[in-house]
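Novice: The structure follows.
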Amino acid sequence: MSEPRSTPRHRRSRTALAVGVPLALTAAGTLAYGTDLGVLGLTAQQASAAVPSWAADTADGFASVNSLGQNGTYGGRGGQVVTVKTQAELEKYATATQPCVIVVAGAITMNPVGKEIKVQSDKTIVGAGTSGHIVGGGFFLGQGVHNVIIRNLTIRDSYQGVWNDKDHDFDAIQMDGAHHVWIDHNDLRHMADGLIDVRKDSTNVTVSWNKLSDNNKTFGIGWTENVKTDITIHHNWIRETEQRNPSTDNAAHAHLYNNWLEDAPGTSINSSYGNYSRGATKMVLENSYFQGVKNPVIKDSGAAVVQRGSVFSGTSGRNETGGTAFDPKAYYPYTLDKAADLPSILKSGAGPRASLGTTAASPKAAAATTLTVAKDGSGQYTSVQAAVNAVAANNPSRVVIAVKPGTYRELVKVPSNKPHVTIQGTGGSRKDTTIVYNNASGTPKPGGGTYGTGGSATVAVEADDFQARNLTISNDFDEKANQNLNGHQAVALRTAADKVFLDGIIVSGDQDTLLLDTAAKDRLGRVYMSNSYVIGNVDFIFGRATAVVDRSVITLKKRWDGTSAGYVTAPSTAANRKGILIANSTVNGDVSAGSFYLGRPWHAGGDASLDPQTTVRNTNLSNAIKSTPWTDMSGFSWKDDRFAEYRNSGAGAGSASSNRPHLTDAQAADQEVADWLAGWTPSAS
343 MSEPRSTPRH RRSRTALAVG VPLALTAAGT LAYGTDLGVL GLTAQQASAA
393 VPSWAADTAD GFASVNSLGQ NGTYGGRGGQ VVTVKTQAEL EKYATATQPC
443 VIVVAGAITM NPVGKEIKVQ SDKTIVGAGT SGHIVGGGFF LGQGVHNVII
493 RNLTIRDSYQ GVWNDKDHDF DAIQMDGAHH VWIDHNDLRH MADGLIDVRK
543 DSTNVTVSWN KLSDNNKTFG IGWTENVKTD ITIHHNWIRE TEQRNPSTDN
593 AAHAHLYNNW LEDAPGTSIN SSYGNYSRGA TKMVLENSYF QGVKNPVIKD
643 SGAAVVQRGS VFSGTSGRNE TGGTAFDPKA YYPYTLDKAA DLPSILKSGA
693 GPRASLGTTA ASPKAAAATT LTVAKDGSGQ YTSVQAAVNA VAANNPSRVV
743 IAVKPGTYRE LVKVPSNKPH VTIQGTGGSR KDTTIVYNNA SGTPKPGGGT
793 YGTGGSATVA VEADDFQARN LTISNDFDEK ANQNLNGHQA VALRTAADKV
843 FLDGIIVSGD QDTLLLDTAA KDRLGRVYMS NSYVIGNVDF IFGRATAVVD
893 RSVITLKKRW DGTSAGYVTA PSTAANRKGI LIANSTVNGD VSAGSFYLGR
943 PWHAGGDASL DPQTTVRNTN LSNAIKSTPW TDMSGFSWKD DRFAEYRNSG
993 AGAGSASSNR PHLTDAQAAD QEVADWLAGW TPSAS
């Protein structure tokens, strides 16, 4: 995209966005399940064959491992879908013998207080948006119960007034001898005993993306002389809890990664210890963040703790490591986030979601074809483009291009007649596999002429239903060495397609890093990016696509001469379409305070019919963001287009004004992630 070089133009005047401090968010009443909303509106007796896409989600971690006659954890997939609003309905379906997907649509208060519903095998229990609450009780999974998913619920308030309660065994979730259980995206707090108890040889358990808070005993594992439990604990925010964070006793394999343990200063709750490896436990602890915690990591003499990559901020007391453990990658794949980023990632990403579409996997299609790429010749192909070339034209089903770790200096193009392609790095980190090149606008083409901005892309995607995950896509064009070029537009990734899913990747460059386009001005092009990083300085997220950047980190970068100045977004949205939405994310970087705009309107080619849009909501903004975060471009005023914020935080956030529009609650309700995706649920394939 070019820097502004045109004369001023005048546009129609439009009604400005409402300005003012937003009222309290009423998300609890919002059910954002796209095309599955109809199911959530039914009573338990009315629900029938309509199946929400998230009902096909399956666990990661040890809950995904094939053992004990159970191949992974998929809950009630394939069973009846019901919506419940009363304790009687919930108990009826949770204790049934047949598979069932149970949607909790409202607050259910347990009677008597402390009651734990005895969940049977093959169940998914999930909250409808953020409205599903279990108050004053919880769930119990007994001996042999297996294949259970508990997601997107708030389970709270069985507390009986005694902090270290020895008399009331009122847990949020307790399992005795269960296996293959996935506890995901819940808010568990203020219970009489523990929030989660994994006891008596329970195994193949994954606990992910939960908020665990305001409790004495958080998370206990063990209560057995046997060394059998296999458990994965990742991306949990454990805040203001005293003990068992977790306490892991006699676990055969305990993999803890990307958790944030926070003991906030100045409160009456003080941590006594953090992660505890007890008995004969073998624990691998990776890339977690311990903040203000006393005795953050402790181990018994017979236990093992292998530590790597964690951050310890304001901690004190014991921090122990020793012994030999195991390699988690021998059991399942996973990707680590940087420990330093966890506070921002988990503040926005942990706990119940308004829409499970942001983490959902849709029903499984036919088994994907896999093509392997390795620079050393150990795969089927030595370049990514060679693997793309091998995909049949108009392929009807998913083709996964599995790229082994290494740096692939090449140009990659996925043409429009090759849909359903996934390019996936196979390393333990998204940094292990990198596709990089250094073309820019003005770089000579091999056959004559020069590249334009779009043509400079390292990776160009023109095929629908494309996915990329667990890799880095970069443009390392050297601006300093190429001052003779008029512009320095150098795209790392260009998409010009619909239903593009970018998950767990890094997109890195300087100017015009990430071009999110459509196949044509009148064509819809939806892009969903999650759990990712975008790095750049000038207009580095730009284009006319309907694009969401969710639960990601946007890193601001200094320019080639060491100065700090730039623009995060430059939308060129067509009228009556949605533009760029940044949600639940973090904007940061080692740049000067007040040096970056959030965006400016790009009217490509001087097209006055365009109606550029950027919304930034529920996002942490560093002090690099200007107090007036929007600016004009090429004679077009940002005030004539659609630029707004909603409930942002951090030093770079600011109150509403005529130069800093904030959405009202009513406006924000129509600018959720699900509104951008318009019935499409991105699903990992």
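Per the numbering used here, residue 343 is the first one in the sequence shown, and the count goes up by one each step. All C-beta atoms, glycine included, are put in the ideal place defined by N, C-alpha and C. None of the values given here were measured: they were computed from a predicted structure.
Compare the C-alpha of Asn960 against each of Gly480, Ala995 and Asp949 and name the closest.
Specialist: Comparing Cα-Cα distances from Asn960 to each of Gly480, Ala995 and Asp949, the minimum goes to Ala995.
Novice: Looking at the unbroken beta strand (DSSP E) that takes in Leu432, where does it start and where does it end?
Specialist: Where Leu432 is concerned, there is no enclosing beta strand (DSSP E), although the alpha helix (DSSP H) it sits in stretches over Gln429 to Ala436.
Novice: Taking Gly564 as the reference, which of Lys624, Val778, Val742 and Thr400 has the closest Cα?
Specialist: Answer by Cα proximity: Lys624.
Novice: Measuring straight from C-alpha to C-alpha, what distance separates Gly947 and Gly829?
Specialist: Distance between the alpha carbons of Gly947 and Gly829: 16 angstroms.
Novice: So, are the CB atoms of Ile459 and Ile492 less than 8 angstroms apart?
Specialist: For Ile459 and Ile492, no; Cβs fall outside 8 angstroms.
Novice: Taking its Cβ as the centre, do 16 or more other Cβ atoms sit within 10 Å of Phe808, making it buried, or is it exposed?
Specialist: So Phe808 counts as buried.
Novice: Would you call Ser927 buried or exposed, if buried means 16 or more other Cβ atoms sit within 10 Å of its Cβ?
Specialist: Buried, because 16 or more other Cβ atoms sit within 10 Å of the Cβ of Ser927.
Novice: Look up Gln1009 in the DSSP assignment and say whether it is helix, strand or coil.
Specialist: DSSP places Gln1009 in helix when its eight states are reduced to three.
Novice: Smallest Cα separation from Ile765: which of Val715, Phe668 and Gln440?
Specialist: Minimum Cα distance to Ile765 is reached at Val715.
Novice: Tell me whether the stretch 756–771 and the stretch 803–820 touch, counting them as touching only if at least three CB pairs, one residue from each stretch, are closer than 8 angstroms.
Specialist: Yes, since at least three Cβ pairs between the stretch 756–771 and the stretch 803–820 fall closer than 8 angstroms, the two stretches touch.
Novice: State yes or no: is the C-beta of Ser997 nearer than 7 angstroms to some heavy atom of the ligand SAM?
Specialist: For the structure depicted, the ligand SAM is absent and the ligand set is empty, with no information on it obtainable.
Novice: Are the CB atoms of Asn552 and Asn528 within a distance shorter than 8 angstroms?
Specialist: Closer than 8 angstroms, so yes.
Novice: Decide if Gln440 is buried, meaning its Cβ has at least 16 other Cβ atoms within 10 Å, or exposed.
Specialist: Exposed: under 16 other Cβ atoms inside 10 Å.
Novice: With 16 other CB atoms within 10 Å as the buried threshold, where does Arg650 fall?
Specialist: By the neighbour-count rule (16 or more Cβ atoms within 10 Å), Arg650 is not buried but exposed.
Novice: Can you look up Gln825 in the DSSP assignment and give me helix, strand or coil?
Specialist: The answer is coil: DSSP assigns Gln825 none of H, G, I, E or B.
Novice: For the candidate residues Asp1012, Ile476 and Tyr723, whose alpha-carbon lies nearest to that of Tyr988?
Specialist: If we check each option's Cα against that of Tyr988, Asp1012 comes out closest.
Novice: What residue from Gly479, Thr466 and Ala436 has the CA that sits closest to Pro454's CA?
Specialist: Ranking Gly479, Thr466 and Ala436 by Cα distance to Pro454 puts Gly479 first.
Novice: Three or more C-beta pairs under 8 angstroms: does that hold for the stretch 393–407 against the stretch 425–433?
Specialist: Not touching, per the Cβ criterion.
Novice: Could you check which residue in Asp402, Ala1026 and Phe985 has the C-alpha nearest to that of Tyr599?
Specialist: Taking only the C-alpha atoms, the option nearest Tyr599 is Asp402.
Novice: Taking the beta carbon of Val741 as the centre, do at least 16 other beta carbons fall within 10 Å, making it buried, or is it exposed?
Specialist: Classification for Val741: buried.
Novice: Does any CB atom of chain B fall closer than 8 angstroms to the CB of Phe978?
Specialist: Here chain B cannot be found, since the structure has a single protein chain.
Novice: Excluding the five sequence neighbours on either side, which residues of its own chain have a C-beta within less than 6 angstroms of the C-beta of Lys636, listed in chain order?
Specialist: Contacts found: Ser613, Ser658 and Gly659.
Novice: In angstroms with no decimal places, state the Cα-to-Cα distance between Val763 and Val869.
Specialist: About 15 angstroms.
Novice: Pull up the CB-CB distance for Arg893 and Ser690, whole angstroms please, since I reckon it's below 8 angstroms.
Specialist: Confirmed, about 6 angstroms.
Novice: When DSSP labels each residue in this structure, what does Ala672 get in the three-state scheme?
Specialist: Correct three-state label for Ala672: helix.
Novice: Quick one: complete beta strand (DSSP E) runs, 3+ long, within the stretch 904–938?
Specialist: List check, beta strand (DSSP E) in window: 908–913, 922–925 and 928–930.
Novice: Determine, using beta-carbon pairs with one atom in the stretch 902–916 and one in the stretch 659–670, whether at least three such pairs fall under 8 angstroms.
Specialist: Contact fails: fewer than three Cβ-Cβ distances are below 8 angstroms.
Novice: Could you tell me which residues DSSP pairs with Ala838 in its beta bridges?
Specialist: According to DSSP, which records beta bridges pairwise, Ala838 is partnered with Asp859.
Novice: Where Asn661 and Trp980 are concerned, what is the direct C-alpha to C-alpha distance, given to the nearest angstrom?
Specialist: Looking at the two C-alpha atoms, the distance is approximately 52 angstroms.
Novice: Using only CA atoms, which one of Thr776, Ser544 and Ser739 lies nearest to Ser725?
Specialist: Among Thr776, Ser544 and Ser739, the Cα nearest to that of Ser725 is on Thr776.
Novice: Could you give the residue range of the alpha helix (DSSP H) that holds Ala729?
Specialist: It spans Val726 to Ala732 - the alpha helix (DSSP H) in which Ala729 sits, taken as one unbroken run.
Novice: Please go through the stretch 729–776 and give each complete beta strand (DSSP E) segment of 3 or more residues, from N-terminal end onward.
Specialist: Segments of the beta strand (DSSP E) lying fully in the stretch 729–776: 741–745, 748–751, 754–756 and 763–767.
Novice: Thinking Val1028 and Gly418 are a contact (beta carbons under 8 angstroms), I'd like their distance in whole angstroms, please.
Specialist: As displayed, the chain neither begins before 343 nor continues past 1027, which places residue 1028 out of reach and without an answer.
Novice: Determine the extent of the alpha helix (DSSP H) in which Leu554 is found, giving its start and end residues.
Specialist: Not the alpha helix (DSSP H): Leu554 falls in the beta strand (DSSP E), residues Lys553 to Gly564.
Novice: Give the DSSP bridge partners of Lys636, in chain order.
Specialist: According to DSSP, Lys636 bridges with Ser658.
Novice: Kindly indicate the opening and closing residues of the alpha helix (DSSP H) around Gly691.
Specialist: Looking at the DSSP string, the run of the alpha helix (DSSP H) that includes Gly691 is Leu684 to Gly691.
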